[in-house]
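Residue numbers (full-length UniProt numbering): 1 to 329.
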């Protein structure tokens with residue numbers, strides 16, 4: 001048994017350097033030998049020097065430095081640096097489509113890529129409790145099935161649901177099966193969506209992945225290749241608000257100069273900006289005209305105004321009238 005442990009010496013050294021050292025924490029040779037001994041592995045000074053060289057030859061950044069009377073060793077460059085892992089932790093933490101349970105599991109794995117000291121810095125950054133997160137634990141398996149279908153050029157079948165007033169799953173279309181050709185996955189407004197082709201309706205549609213249920217890969221090749229090839233994904237995502245669909249219309253907006261940053265952030269730097277006077281400008285954007293888009297314009301107050309086309313102006317007036325009427329009583 002001891003002989004078997006001895007064969008694992010290099011692996012235990014990697015574990016020690018990965019977990020117990022970083023740029024601020026190093027170990028002396030006797031400390032490393034002591035930790036190996038705790039794993040049931042004996043080590044001599046001369047063989048440790050050779051082991052360190054083997055690890056370096058393999059690509060591990062084992063750094064040795066003199067500090068006062070002792071010589072210390074630690075792991076230098078890693079696959080991921082701490083700031084990079086913080087970005088990944090933030091992404092996992094903020095993603096609404098990942099449940100609390102899965103978020104914690106993923107972050108725990110990310111912590112394993114740095115020393116135990118740096119892992120504490122990641123833990124202090126993680127504040128998941130209280131965030132609105134997905135309630136559908138099966139999203140991981142959904143994504144796996146969708147990638148399988150896309151990779152094998154197959155259609156998928158699934159049921160689609162929403163939450164009712166009793167906080168229960170309620171199947172759409174009276175529980176009928178959906179069958180679509182999956183073409184891409186996209187992340188928008190902290191949610192995960194499938195973009196697919198619905199042959200029955202003859203158009204591209206999107207579906208919330210965490211609201212798809214009982215996904216299976218169908219034994220039929222995907223359809224809609226030509227439609228998806230002509231499909232402009234960046235324009236599509238910019239035109240939608242909260243992924244709510246609607247007729248795509250080129251809308252003209254007039255806004256105060258101080259609102260230009262908000263419009264550029266939302267629609268991109270390619271939109272035209274034409275001065276109207278010293279304080280205002282006009283721009284045209286292609287949007288899916290929905291209540292969510294109109295609500296977004298309302299939230300900007302008198303800083304932004306829709307001036308065309310007439311049918312969108314009329315719809316905005318009707319939206320304002322209905323909301324005003326709702327609050328009259």
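Even for Gly, the Cβ is constructed at its ideal location relative to N, Cα and C.
query: Proximal residues to residue 88 (C-beta, below 7 Å), its chain only, five neighbours per side dropped; result: 110
query: Given residue 228 as reference, the closest of 31, 36, 184, 309 once Cα atoms are compared; result: 184
query: CB of residue 22 within 8 Å of CB of residue 81, strictly; result: no
query: DSSP state of residue 231 mapped onto helix, strand, coil; result: coil
query: Proximity of residue 230 and residue 303 at Cβ, strictly below 8 Å; result: no
query: Spatially closest choice to residue 287 from 299, 263, 279, by CA coordinates; result: 263
query: For residue 248, the three-state DSSP class (helix, strand or coil); result: strand
query: N- and C-terminal bounds of the alpha helix (DSSP H) containing residue 94; result: 82-94
query: Opening and closing residue of the beta strand (DSSP E) in which residue 307 lies; result: 304-308
query: Cα-Cα separation between residue 85 and residue 78, rounded to whole angstroms; result: 11 Å
query: Extent of the continuous alpha helix (DSSP H) to which residue 34 belongs; result: 29-38
query: Start-to-end residues for the alpha helix (DSSP H) that takes in residue 56; result: 45-58
query: Within the UniProt domain "WYL" (143-215), ranges of the alpha helix (DSSP H) (whole runs, at least 4 residues); result: none
query: Sufficient close CB pairs (3 or more, under 8 Å) joining the region 291-306 to the region 271-278; result: no
query: Three-state class that DSSP yields for residue 283 in the structure shown; result: strand
query: Euclidean distance between Cα positions of residue 55 and residue 43; result: 15 Å
query: Distance, residue 247 Cα to residue 153 Cα; result: 29 Å
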